[in-house]
Amino acid sequence: MAELTVFSEPSPFGVPSRKLGIWMFIVADSATFAALLFAYGYVRVANPDWTRPFAIWPTIVNGIVMTVVLLSSSLTVIAAVLAAQSGRKTTALRWLGATMLLGTLFAALHLREWVAMIGDGWRLFRNPLGGAPLVGATFFSITGLHLLHVITGVVVIGVIARGYRRGRFDPGHLETTGLYWHFVDLVWMFVFPLVYLMNVR
Numbered sequence: 014m015a016e017l018t019v020f021s022e023p024s025p026f027g028v029p030s031r032k033l034g035i036w037m038f039i040v041a042d043s044a045t046f047a048a049l050l051f052a053y054g055y056v057r058v059a060n061p062d063w064t065r066p067f068a069i070w071p072t073i074v075n076g077i078v079m080t081v082v083l084l085s086s087s088l089t090v091i092a093a094v095l096a097a098q099s100g101r102k103t104t105a106l107r108w109l110g111a112t113m114l115l116g117t118l119f120a121a122l123h124l125r126e127w128v129a130m131i132g133d134g135w136r137l138f139r140n141p142l143g144g145a146p147l148v149g150a151t152f153f154s155i156t157g158l159h160l161l162h163v164i165t166g167v168v169v170i171g172v173i174a175r176g177y178r179r180g181r182f183d184p185g186h187l188e189t190t191g192l193y194w195h196f197v198d199l200v201w202m203f204v205f206p207l208v209y210l211m212n213v214r
């Protein structure tokens, strides 16, 4: 039986196909978040009775901690890529583990916040403070989409780390995964001021 040969056409832009693919995904996903945040801004400005539900303690303080955790995870993923590129596989894997730990911590803090808000009566279309019901819908939709990206990123980093440890993936795969993780961090830098800081009591 003849051996099947798979031909892969090189990228026409002089960059690896996987890196081009992740950049295309980032551009498309950026448009999604941009549209969602634009719609949120419109709805917020159009509602004169928009509720500002967040107190400095504990919500904003928790949000600041979440921001520090997520930005720190960007540094650890950079360290992982640099270590991989210099051939230090064990160090790269440790930094990837630290990134996953920080991403998991971010998700845990976020879910704790959700549980507290749901316990206070917040729902997608229910405002326990009596203002515009869309406050809950926009909050859970925007933060939920971002949280989904974080959880997905943690899982993907775990898969890439395992493949890299076994020799199936190279430093280029780590770099591509890092681009996605930086994108998730960048989105949060828009979500936190727009959704949290602008809604402080």
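In our numbering, the protein residues as written are 14 to 214. Ideal placement from N, C-alpha and C gives every residue a C-beta, glycine not left out. Small disclaimer: the values here were computed from a predicted structure and weren't measured.
For A59, which of R101, S43, L210, G144 has the nearest alpha-carbon? Residue nearest to A59 within the set R101, S43, L210, G144 is G144 (criterion: CA-CA distance).
Does the beta-carbon of P206 have 16 or more other beta-carbons within 10 angstroms, so that it is buried, or is it exposed? When all chains shown are included, P206 counts as exposed.
For the alpha helix (DSSP H) containing T64, name the first residue and the last one. Run containing T64: none; DSSP gives neither H nor E here.
For R101, three-class secondary structure by DSSP: The DSSP-derived three-state label of R101 is coil.
Is the number of C-beta pairs between the segment 174-194 and the segment 83-90 that are closer than 8 Å three or more? Look at the beta carbons and you see the segment 174-194 touching the segment 83-90: at least three pairs across the two are nearer than 8 Å.
T165 burial status per 10 Å Cβ neighbour count (16 or more: buried): In this structure T165 is exposed. Its beta-carbon is surrounded by fewer than 16 other beta-carbon atoms within 10 angstroms.
Which whole-angstrom value is the C-beta distance of T151 and Y53, which I expect to be below 8 Å? That belief holds up - the Cβ atoms of T151 and Y53 are roughly 5 Å apart, short of 8 Å.
In whole angstroms, what separates the C-alpha of W135 from that of F196? Those two C-alpha atoms are separated by around 29 Å.
Within the same chain, show all residues whose beta-carbon is closer than 6 Å to that of H162, passing over the 5 residues directly before and after it, in chain order. Counting only Cβ-Cβ distances below 6 Å, and skipping sequence neighbours, we find V197.
Excluding the 5 residues preceding and the 5 following L49 in the sequence, name in chain order all residues of the same chain whose CB lies nearer than 8 Å to its CB. Around L49: S154, I155, L158.
When you compare only the Cα positions, how much space is there between R179 and G185? Using only the alpha carbons, I get a separation of about 15 Å.
The alpha helix (DSSP H) spanning R175 covers which residue range? Bounds of the alpha helix (DSSP H) holding R175 are 147-178.
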